[in-house]
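Please read the structure below before turning to the comments.
Numbering (the numbering used here), first residue to last: 90 to 300.
Spelled out as structure tokens, the structure:
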């Protein structure tokens, strides 16, 4: 985390709030990746992604995502919340379970990595460039180049890229009904779709009565 902190400090965007969010990303995302090589690669990759990943809100229009993700650091917060869900939600993807109905740790590692990188290239730092629904694919392209340069296992690197590309599920550009989304990518999609729901505020904010 120190290398990323140094980069964010140099950019002049490091403050108490961002520090708390980055620490949460490490606790619920990076540190939960059991594969050391993959964990180190993802942590290093974050030192080269657009700074807007760490500062911008999650929804450009403000119509999507719960309201707390549409504040400063909202994209990062949405990723953290998705990471929180990855291990428990893996229990509901049958293809990822072993004979004892326990999720495969390797699959969880890949899903966490894919979740973390999936929104890193929503926006570019220069100009008003927003990659829209293709941002998962853009992030995957950058990730593959980086991971291969780091000599990461190509099979693992590619699986992470696939998870990033398909984190929109059936709403991913290019999807058609004949395509089968890989189980790990489906897990990434489920967590992303759940945490992006604006209706979460209706359910989870402290209210006496849901109205």
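Quick reminder that beta carbons are idealized off the backbone N, C-alpha and C, glycines included. These figures come from a predicted structure and were not determined experimentally.
With a threshold of 7 Å on Cβ separation, who are the neighbours of residue i within its own chain once the five nearest residues in sequence on each side are excluded?
| i | result |
| --- | --- |
| residue 162 | 106, 107, 110, 143, 144 |
| residue 272 | 182, 184, 185 |
| residue 127 | 198, 202, 241, 245 |
| residue 193 | 185, 187 |
| residue 213 | 139 |
Hey, how far is the Cα of residue i from the Cα of residue j?
| i | j | result |
| --- | --- | --- |
| residue 300 | residue 181 | In this prediction, residue 300 scores a pLDDT of 48, lower than 50, which makes its location untrustworthy; no coordinate-derived value is stated. |
| residue 199 | residue 122 | 8 Å |
| residue 255 | residue 92 | 29 Å |
| residue 280 | residue 96 | 29 Å |
| residue 264 | residue 103 | 38 Å |
| residue 248 | residue 230 | 12 Å |
| residue 267 | residue 274 | 16 Å |
| residue 215 | residue 191 | 44 Å |
| residue 251 | residue 294 | 34 Å |
| residue 291 | residue 159 | 16 Å |
| residue 232 | residue 130 | 9 Å |
| residue 262 | residue 164 | 21 Å |
| residue 223 | residue 189 | 37 Å |
Give the single residue among the options whose Cα lies nearest to the Cα of residue i.
| i | options | result |
| --- | --- | --- |
| residue 289 | 250, 155, 205 | 155 |
| residue 99 | 197, 136, 210, 294 | 136 |
| residue 173 | 283, 287, 292 | 283 |
| residue 260 | 102, 171, 221 | 221 |
| residue 116 | 104, 101, 103, 132 | 132 |
| residue 153 | 138, 291, 285 | 285 |
| residue 147 | 210, 101, 277 | 210 |
| residue 171 | 101, 269, 257 | 257 |
Less than 6 Å between C-beta atoms, sequence neighbours within five positions excluded: which residues of the same chain meet that for residue i?
| i | result |
| --- | --- |
| residue 157 | none |
Just curious, the alpha helix (DSSP H) that residue i is in, first and last residue?
| i | result |
| --- | --- |
| residue 258 | Unbroken run through residue 258: none, as it is neither H nor E. |
| residue 178 | 163–178 |
| residue 194 | 194–207 |
| residue 235 | 224–238 |
| residue 130 | 125–134 |
| residue 254 | 243–254 |
| residue 110 | 105–117 |
| residue 271 | From DSSP, residue 271 is part of no alpha helix (DSSP H); its letter is neither H nor E. |
| residue 158 | Segment: none, residue 158 is in no alpha helix (DSSP H) and carries neither H nor E. |
Output needed for residue i: all residues of its chain with C-beta closer than 8 Å, excluding positions within five of it in sequence on either side, in chain order.
| i | result |
| --- | --- |
| residue 168 | 114, 118, 204, 205, 207, 208 |
| residue 237 | 243, 246 |
| residue 124 | 195, 198, 245 |
| residue 94 | 103, 108, 111 |
Let me check one thing: in DSSP terms, what residues is residue i bridge-paired to?
| i | result |
| --- | --- |
| residue 191 | DSSP lists no partner for residue 191. |
| residue 140 | According to DSSP, residue 140 bridges with nothing at all. |
| residue 212 | 219 |
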